[in-house]
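Chains as they are written, first to last, in my numbering: chain A, 1096 to 1448; chain B, 1096 to 1448; chain C, 1096 to 1448; chain D, 1096 to 1448. Here a beta-carbon is modelled for each residue, glycine too, at the ideal position from N, C-alpha and C. Treat the numbers as computed from the prediction; the structure is a model and nothing was measured.
There are 4 protein chains.
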Amino acid sequence: MSCNFGEKVKITIFGQSHSEAIGVVIDGLPAGKKIDMEKVFAFMSRRAPGRNKFSTPRQEKDKPEILSGLVDGITCGAPLCAVIRNEDTRSKDYENLKKVPRPAHADFTAFFKHNGSNDIRGGGNFSGRMTAPLCFAGAVCMQLLEEKGIKIGAHIEKIAGVYDLRYDSANVDFEDIDKKEFSVIDDNAGEKMRERIEEARANGDSVGGVIECAITGLPVGIGEPMFDGMENVISHAIFAVPAVKGIEFGLGFDVADLKGSENNDSFSFCDGKFATDTNNHGGILGGISSSMPVIFRVAIKPTPSIAKEQKSVNLITHEEENLVIKGRHDPCIVPRAVPCIEAAAAVALMNLI
Amino acid sequence: MSCNFGEKVKITIFGQSHSEAIGVVIDGLPAGKKIDMEKVFAFMSRRAPGRNKFSTPRQEKDKPEILSGLVDGITCGAPLCAVIRNEDTRSKDYENLKKVPRPAHADFTAFFKHNGSNDIRGGGNFSGRMTAPLCFAGAVCMQLLEEKGIKIGAHIEKIAGVYDLRYDSANVDFEDIDKKEFSVIDDNAGEKMRERIEEARANGDSVGGVIECAITGLPVGIGEPMFDGMENVISHAIFAVPAVKGIEFGLGFDVADLKGSENNDSFSFCDGKFATDTNNHGGILGGISSSMPVIFRVAIKPTPSIAKEQKSVNLITHEEENLVIKGRHDPCIVPRAVPCIEAAAAVALMNLI
Amino acid sequence: MSCNFGEKVKITIFGQSHSEAIGVVIDGLPAGKKIDMEKVFAFMSRRAPGRNKFSTPRQEKDKPEILSGLVDGITCGAPLCAVIRNEDTRSKDYENLKKVPRPAHADFTAFFKHNGSNDIRGGGNFSGRMTAPLCFAGAVCMQLLEEKGIKIGAHIEKIAGVYDLRYDSANVDFEDIDKKEFSVIDDNAGEKMRERIEEARANGDSVGGVIECAITGLPVGIGEPMFDGMENVISHAIFAVPAVKGIEFGLGFDVADLKGSENNDSFSFCDGKFATDTNNHGGILGGISSSMPVIFRVAIKPTPSIAKEQKSVNLITHEEENLVIKGRHDPCIVPRAVPCIEAAAAVALMNLI
Amino acid sequence: MSCNFGEKVKITIFGQSHSEAIGVVIDGLPAGKKIDMEKVFAFMSRRAPGRNKFSTPRQEKDKPEILSGLVDGITCGAPLCAVIRNEDTRSKDYENLKKVPRPAHADFTAFFKHNGSNDIRGGGNFSGRMTAPLCFAGAVCMQLLEEKGIKIGAHIEKIAGVYDLRYDSANVDFEDIDKKEFSVIDDNAGEKMRERIEEARANGDSVGGVIECAITGLPVGIGEPMFDGMENVISHAIFAVPAVKGIEFGLGFDVADLKGSENNDSFSFCDGKFATDTNNHGGILGGISSSMPVIFRVAIKPTPSIAKEQKSVNLITHEEENLVIKGRHDPCIVPRAVPCIEAAAAVALMNLI
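Structure representation (structure tokens):
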């Protein structure tokens, strides 16, 4: 099964890049909750293309229509379904791809999985466009989480070798970052990142990066040991975002080079609550939230669609072919992936709490 | 729910470090399959403590008893249950920990999650000991996977800053590595790693590392886009192994620094089959296996239990206390975690195929 | 969770009687299958209201729009989503019901479950109208089942005390019955049933009945013992159809009065295949299909909405009130429930095979 | 998957009639709850064989050993595992059954499902013996439900045509019935039932019956519409008890003969709470509890194992054979099934609340 996530709040995403519509069903929302749709749309616009020169010029209205689940803007206990019509699609761009798969795309694997019946247009249901309904679901979940004092924020930690500052709960307010056109803490770093992206575009190439996400306001005790820990569930959801190649919690892969005495966070009690003096554990111990901020980082690969000619192979004739991808594509999807990571985290959290 | 994994082959793990027994139920195995129990026990012995001087001297027989699911060593379609008795437990070692949580352990989070009713003895069901039944399940699954030509192997890629060679399907045969007392490709690197471990032990400290795992023989087309891709399911299972803080597939976090033209693997056709010229994608595109080896790496934190005195806080009095952990502990759990990672991968794969 | 069913082929139903639309997402369909939409619509029309004088005159076009999952009418491996717009809704009919629940309806329980935020209009997501997307899903599944030689048919066994003949694989062809305006084997019995329905309507009352369903062409070996047997899964799905109050397999409740020697079906081998001489077991032994037709019967209560004045209570003032239900309602929903039962069985079967 | 049930409190049952042991893992129990094991054993003894002359003389100690999940008799948040050793098994009784299936047993379907690898001894995992761990789980769940004021009771409503009184909350206290050797309200009816059972035994035959179950103390609002209603989940669990052929809620199949005006339960408010004047709906409206007692009835077929010679067929030679079942068997399993139905209901409820 590909499109379902969650047991408590169940998300079902459907659609293909060039089908009539894409959408999401959210089941299990509590009844009687006012959903601020303007806020949902604002969140989704952070992901939408055409926002600035760093993203694909494909114009989408992307305004979801609510088919069910709300009465006068308030949840009624029935599943909430939202659909987004697909418009401005140029399906002919993709005709030749059916036989000659694009490197680093799912064309190849989807072809064999579905015996050639996969929808190749715009990447079908493998398209990054499928993150639009994910963002809708995430935005709804975030409103419910905020009611409990839980906030989720993310920023670009790195693009093409240029680093932003790391998240620090003392110095970073994600509400400020969300308003920026480019989601970084340090705008100077952001400026350099943009240069690298522009450079890649000029060269018909693309660049990747890392997104850092923080979840604050979680009480102690969320999650389970073994298979239903915070890391299990969050990583399960995050890998639904295309182009993610890795995830790490707390110090992540850096722990490999530390001693226990360096990595262990000592406990303390101050201001009437328990805490750890450092947060190397990233807010999770034994799969369970410690009440410290949950911190994780996600590796995003460079956009596979590049303008440069690439070598591929014809799936029918078995002969090598040089491939030039037309279409319109982001030279870097990291900026648009930021809200997607937040959304996936929100959906995961709703199933943990 | 903490102890269940999978929909096709469902694993249910139970027990606590110092309860009567620990064990696992495996449901959904095909009937009529001969399970080579000697091979299962051999696999489990790679995880077992007391194997060499680098692991805890706690002696466990750890020989599972099969309660159900086999008739004359052959699966009969009923769930397979195996239990391992807990012996040689010194529960008194843990008495004071109930109130003063060990840094980087789950004592703190488990205490609050279960209002103090958690089983603190030996870490309860948060103990690394729970990976013994996981290894049993993994070993059974691996035999069924091998029938289909699928092999899973892992090695220590790094401990305390010392690197082993990276996996290369041309040069590495995991059957050779499995026989080694220390699971590395390059024995010289292994020697240096052991020195660092010994050093850490001498200092009352511990060290972490990275494990690299490879899955070969997978056909193209396994996995799904979105929520049930190879990465989603494998990462979900891998984080069940305590001390894992990160996972990356293919080039993983290194993709962040690459250009699309560098990262994209071009397709080719040779020796009668499709392949990619490089394997930066780690055998997975769009969540689906490409038939190239699936490669992933896992970050393991340094053993939290160290002999050095540490600062903690009394959960009842709220006062800081210095904590000295007695008990017996590995200065590095990476070597013993190698089969656990393989086992978790095997269990995940059984649910993907 | 209310709207999801299945693990292999997952059905997600959304909508309320008077929301913008109702619909269904079907995930897990094999790719490359031609779906005959005319046949799907024909199936759905058997459930649709306004077909004859025995059903509510509310006019609905009820023609589903396919949003995703098909390319040129062929499944592409992505989830199939179909939506049906809600038109011709007269929401004002329901205004007073919010406070004064209709007897035998879900108004009362939904009010308390959702603290008064439930969508009362037309019964919200408790409406029989939600069986339209169920029928869509069932019709799609039935086409895939028919490819494997599996057929599902149902007929009205009883309405208001009038009995149809019982199903007998030798004498009944469901294709004939499906074409009838009234789904009975014996048209004389059907005529009497209609008289009773008409009588009930004239009296402002309603009547109930029993539907018998048969599944043929199942191979031996489908289903599991304990919790995932044929009976467990079919009954789970069937109770999704509103107004169902009971289900029985084979001889059902009549077995209570039989001796073992009467009830046990003896085995035989003829025409190259195993069979039982009788089919008291209804095609299921130990939760698993025996290759004999699966037979089950479902009790349908009389339509709760009747024109007669009824006693209820005001949920706010706690005072008794006499209630007259306006709206438009079937005096007997049994005829329209026939395809719903088939559809629920089809959805269940897709998850068993 | 055969052996798992539930999402909130997950039950995993394992074992075969003649394997080393049978048992159950219960995951998701709240921590800190005292489980009265004497009470659990007392409950299980109601199901145990050898209790009186109406059940099989096979002697089992059937005392479960707790392997995990409890510390000093109190739940610790880890999965609770209990095992029961299989003793006094005479496997040779079953040798010839592998080839010649017993009528109305699962021998036939299990043989084909598992290609002859099924465990035929004592019925393997299709044995009624598997209800012992189900009763263990149910007894644990019932203690937690009772804390919330929810009680589950059942009685024999009918055996071999002899009826007990129907349940009436005003006149029946299940605590009294549980103490009886024969679970009926009216002891005179019970006496006649026993005569019929004895008669069947004398004739080498068996008889079936009906069990009625009542759940009291449920608050309004438990359950969901569509696929996760009370009826869906309870029926799913109940069909795990072997020999069940039907289930009905409230008036059940009798509603088919009623008019809406007769079947609809009018609402009222008295003694400070809402109620219905009658309880034809059996405590469930729209899948959701109404706070009235939940009432359901279950049809149990006559024991398939009878002493009389029966006709079967040899699965290898395809020739008809006359079969005489040796072994030791109940002429009526209805009395022993009473606690099993209660247990299945308890497990279902724990997943609804």
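Notebook entry, point to check: By DSSP, does A/Glu1102 sit in helix, in strand, or in coil?
Noted result: coil
Next item on the list: Report yes or no: do the region 1301-1311 of chain B and the region 1244-1260 of chain B share at least 3 C-beta pairs separated by less than 8 angstroms?
Entry: Touching, yes.
Note to self: Measuring straight from C-alpha to C-alpha, what distance separates C/Asp1273 and C/Leu1240?
What the structure shows: 17 angstroms
Notebook entry, point to check: In the structure shown, what three-state DSSP assignment does C/Val1305 receive?
Noted result: strand
Item checked: Simplified DSSP assignment, three categories, for B/Asn1417 -> strand
Check: Using the beta-carbon of each residue, which ones in chain A are nearer than 8 angstroms to C/Thr1226?
Finding: Residues of chain A passing the Cβ test: none, with the nearest at roughly 15 angstroms.
Notebook entry, point to check: What did DSSP end up calling D/Leu1229 once you bin it into helix, strand or coil?
Noted result: helix
Check: Alpha carbon to alpha carbon, what distance is there between C/Gly1123 and C/Ser1112?
Finding: 27 angstroms
Note to self: With a threshold of 9 angstroms between beta-carbons, can B/Ala1116 be considered close to chain D, or not?
What the structure shows: yes
Next item on the list: Check the Cβ of B/Thr1170 against every Cβ in chain D and list those closer than 8 angstroms, keeping chain order.
Entry: Ser1212
Item checked: Between the CA atoms of A/Ala1234 and A/Lys1134 - distance to the nearest angstrom -> 8 angstroms
Check: Does the region 1105-1119 of chain A come within contact of the region 1214-1228 of chain A, defined as at least 3 CB pairs closer than 8 angstroms?
Finding: yes
Next item on the list: Note down the Cα distance separating A/Val1419 from A/Ser1407, rounded to an integer number of angstroms.
Entry: 10 angstroms
Checklist line | Residues, ordered as in the chain, of the region 1318-1341 of chain C that lie near chain A by beta-carbon distance below 7 angstroms | finding: none
Note to self: Considering just the uninterrupted stretch of the alpha helix (DSSP H) at B/Ser1140, what are its terminal residues?
What the structure shows: Met1132 to Arg1142
Check: Nearest to C/Glu1270 by CA position, among C/Gly1324, C/Lys1253, C/Phe1348 and C/Ala1137, is which residue?
Finding: C/Ala1137
Checklist line | Length of the line joining the Cα atoms of C/Phe1149 and D/Glu1242 | finding: Below a pLDDT of 50, predicted positions are generally treated as unreliable, and C/Phe1149, at 48, falls in that range; no measurement from the model is reported.
Item checked: Below-9 angstroms beta-carbon distance, A/Leu1353 vs any chain B residue -> yes
Check: If you draw a straight line from the C-alpha of B/Phe1344 to the C-alpha of D/Val1166, how long is it?
Finding: 40 angstroms
Notebook entry, point to check: Can a CB atom of chain B be found closer than 9 angstroms to the CB of A/Cys1308?
Noted result: no
Checklist line | Residue from B/Glu1415, B/Glu1357 and B/Asp1352 with nearest C-alpha to A/Cys1365 | finding: B/Glu1415
Check: For a contact meaning CB atoms closer than 8 angstroms, what does A/Ser1384 contact in chain C?
Finding: Result: empty, since nearest Cβ-Cβ is about 24 angstroms, beyond 8 angstroms.
Notebook entry, point to check: How would you label D/Lys1520, buried or exposed, when you count the other beta carbons within 10 angstroms and need 16 or more for buried?
Noted result: Outside the shown range of chain D, which is 1096 to 1448, sits residue 1520 of chain D, and nothing can be said about it.
Next item on the list: Pull up the distance between the alpha-carbon of C/Asp1352 and that of C/Asn1191, whole angstroms please.
Entry: 48 angstroms
Next item on the list: Identify the continuous alpha helix (DSSP H) that holds A/Thr1204 and give its terminal residues.
Entry: Asp1202 to Lys1208
Next item on the list: Could you tell me whether any Cβ in chain B is nearer than 9 angstroms to the Cβ of A/Phe1149?
Entry: At A/Phe1149, the pLDDT of 48 sits below 50, so the modelled position is not reliable; the number obtained from the coordinates is stated separately. No, A/Phe1149 lies away from the interface with chain B (no Cβ there is under 9 angstroms from its Cβ).
Notebook entry, point to check: With which residues is C/Lys1128 paired in a DSSP beta bridge?
Noted result: None, per the DSSP bridge assignment.
Notebook entry, point to check: So which of A/Gly1316, A/Ile1179 and A/Ile1436 has the shortest CA-CA distance to A/Ala1332?
Noted result: A/Ile1436
Notebook entry, point to check: Which residues does DSSP pair with C/Val1393 in a beta bridge?
Noted result: C/Ile1306 and C/Ile1342
Note to self: Counting only beta-carbon separations shorter than 9 angstroms, does B/His1209 have a partner in chain D?
What the structure shows: yes
Check: Which of the three DSSP states, helix, strand or coil, is assigned to D/His1113?
Finding: It is coil, neither helix nor strand.
Checklist line | Beta-carbon neighbours of B/Asn1220, restricted to chain D and to distances below 7 angstroms | finding: Ala1173
Item checked: Inter-stretch contact at 8 angstroms, needing at least 3 Cβ pairs: the region 1388-1401 of chain D / the region 1334-1349 of chain D -> yes
Note to self: For A/Ala1116 and C/Ser1386, which I take to be in contact (beta-carbon distance under 8 angstroms), what is that distance rounded to the nearest angstrom?
What the structure shows: A/Ala1116 to C/Ser1386, Cβ: 42 angstroms. No contact.
Notebook entry, point to check: Which same chain residues, not among the five before or five after D/Met1132, have their C-beta less than 8 angstroms away from its C-beta?
Noted result: So the list reads Ile1161 and Gly1168, once near-sequence residues are dropped.
Next item on the list: Examine chain D for any beta-carbon lying closer than 9 angstroms to the beta-carbon of A/Glu1102, and answer yes or no.
Entry: Cβ-Cβ to chain D under 9 angstroms: yes for A/Glu1102.
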